[in-house]
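In order, the protein sequences belong to chains A and B.
Counting in the numbering used here, the first sequence runs from 1 upward without gaps.
Counting in the numbering used here, the second sequence runs from 113 upward without gaps.
As structure tokens, the structure follows; a few thoughts come after it.
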Amino acid sequence: TQLLEQSPQFLSIQEGENLTVYCNSSSVFSSLQWYRQEPGEGPVLLVTVVTGGEVKKLKRLTFQFGDARKDSSLHITAAQPGDTGLYLCAGGGGAGSYQLTFGKGTKLSVIP
Amino acid sequence: DAGVTQSPTHLIKTRGQQVTLRCSPKSGHDTVSWYQQALGQGPQFIFQYYEEEERQRGNFPDRFSGHQFPNYSSELNVNALLLGDSALYLCASSLWATNEKLFFGSGTQLSVL
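Structural data, given as structure tokens:
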């Protein structure tokens, strides 16, 4: 069974601070996705990374896929209250497997 | 362009009852996946439907069953409800060809009393 562990589980920071959340596994994933979920809503896809060592930037968000494709990180620069939400990482199962394996998420609160 | 729509938004049932949840995929999508998200957890894969067939199934008992209709919409049925079935049930749609790019609905919050 493939498992994804996310850390920290909870994070509360002041507006303008930087933060990094982590997603780790002992298994190799063909791809890794990051989602943000707000209360009462479904997850919304932020980014997909597929190549070991890949770095993608989305405005103030920077996503990195580990060289061995077992881990990933999300860095947010100058956090804003609108960044508040549950950040989920999800690993793709590779050839023949269409299910995503999700971590438990990091709940981020950005205080104005 | 309507996104993924799910109904109902909330549902309360008692143990032993049966429930049916419904999902309409995003326009142009042909694949529907169902996920269960318990409180404080990430979504867990239940199963996926494409061309009206179950293509892959996660680690869920046979009490969980589904269906996909010719218009690509889908239903999730759960029989003999248990307290532990209380969760947010999420439907996600995608294109079979680019299967891992999922668009989620807002979910159905099921409470089993």
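Quick reminder that beta carbons are idealized off the backbone N, C-alpha and C, glycines included.
It should be emphasised that the depicted structure is a prediction, and the values quoted were computed from it without experimental measurement.
Compute the Euclidean distance between the alpha carbons of residue i and residue j, then round it to the nearest angstrom.
i              : j              : result
L74 (chain A)  : G40 (chain A)  : 23 Å
F181 (chain B) : S145 (chain B) : 13 Å
E163 (chain B) : K59 (chain A)  : 38 Å
Y161 (chain B) : G115 (chain B) : 18 Å
K125 (chain B) : G53 (chain A)  : 47 Å
G170 (chain B) : L202 (chain B) : 14 Å
V131 (chain B) : N18 (chain A)  : 44 Å
G128 (chain B) : K213 (chain B) : 35 Å
A78 (chain A)  : Y22 (chain A)  : 18 Å
Q99 (chain A)  : D142 (chain B) : 16 Å
F176 (chain B) : L86 (chain A)  : 27 Å
Q153 (chain B) : G140 (chain B) : 30 Å
Q64 (chain A)  : V55 (chain A)  : 4 Å
S27 (chain A)  : L45 (chain A)  : 22 Å
L222 (chain B) : L123 (chain B) : 5 Å
P147 (chain A) : A209 (chain B) : Only positions 1 to 112 of chain A appear in the structure, and residue 147 (chain A) is not among them; the question remains open.
F159 (chain B) : S198 (chain B) : 18 Å
E166 (chain B) : V190 (chain B) : 15 Å
V110 (chain A) : G42 (chain A)  : 20 Å
F172 (chain B) : R69 (chain A)  : 27 Å
For residue i, which option in the options has the closest C-alpha, if you only look at C-alpha atoms?
i              : options                        : result
D67 (chain A)  : A:N18, A:F29, A:F10, A:Q37     : A:F29
D71 (chain A)  : A:P81, A:C89, A:G82            : A:C89
F216 (chain B) : B:Q129, B:S206, B:S185         : B:S206
S218 (chain B) : B:D174, B:Q148, B:Q168         : B:Q148
W34 (chain A)  : A:S27, A:I13, A:K57            : A:K57
I13 (chain A)  : A:D83, A:Q37, A:L100, A:Y98    : A:D83
L178 (chain B) : B:F157, B:R127, B:L151, B:G140 : Correcting the residue identity first, residue 178 (chain B) is Gly in this sequence and not Leu. Taking only the C-alpha atoms, the option nearest G178 (chain B) is B:F157.
S119 (chain B) : B:W208, B:T210, B:A209, B:L200 : B:L200
A192 (chain B) : B:D174, B:A204, B:W208, B:A209 : B:D174
T20 (chain A)  : A:P43, A:I111, A:R36, A:L61    : A:L61
L195 (chain B) : B:V224, B:T117, B:A204, B:T121 : B:V224
S76 (chain A)  : A:K104, A:L108, A:R69          : In the sequence under discussion, the amino acid at residue 76 (chain A) is Ile, which differs from the Ser named in the question. Ranking the options by Cα distance to I76 (chain A), first place goes to A:L108.
Measure how close the beta-carbons of residue i and residue j come, nearest whole angstrom, since I'm counting them as under 8 Å.
i              : j              : result
V50 (chain A)  : S31 (chain A)  : 4 Å
P100 (chain B) : F10 (chain A)  : Because chain B spans 113 through 225 in this model, residue 100 (chain B) falls outside it and cannot be assessed.
Q80 (chain A)  : E38 (chain A)  : Not really, about 14 Å apart at Cβ, beyond 8 Å.
Q6 (chain A)   : T106 (chain A) : 5 Å
T220 (chain B) : T117 (chain B) : With 8 Å as the limit, T220 (chain B) and T117 (chain B) do not qualify as a contact, their Cβ atoms being about 11 Å apart.
L4 (chain A)   : G91 (chain A)  : 6 Å
Could you name each continuous beta strand (DSSP E) segment of 3 residues or more that falls completely within the stretch 148 to 193 of chain B, going from the start of the chain to the end?
156 to 162, 165 to 169, 176 to 180, 186 to 190
Can you find at least 3 beta carbon pairs, one from the stretch 128 to 137 of chain B and one from the stretch 180 to 195 of chain B, that sit closer than 8 Å?
yes
I'd like the ranges of any beta strand (DSSP E) spanning at least 3 consecutive residues and lying wholly in the stretch 51 to 94 of chain A.
55 to 58, 61 to 65, 71 to 76, 85 to 92
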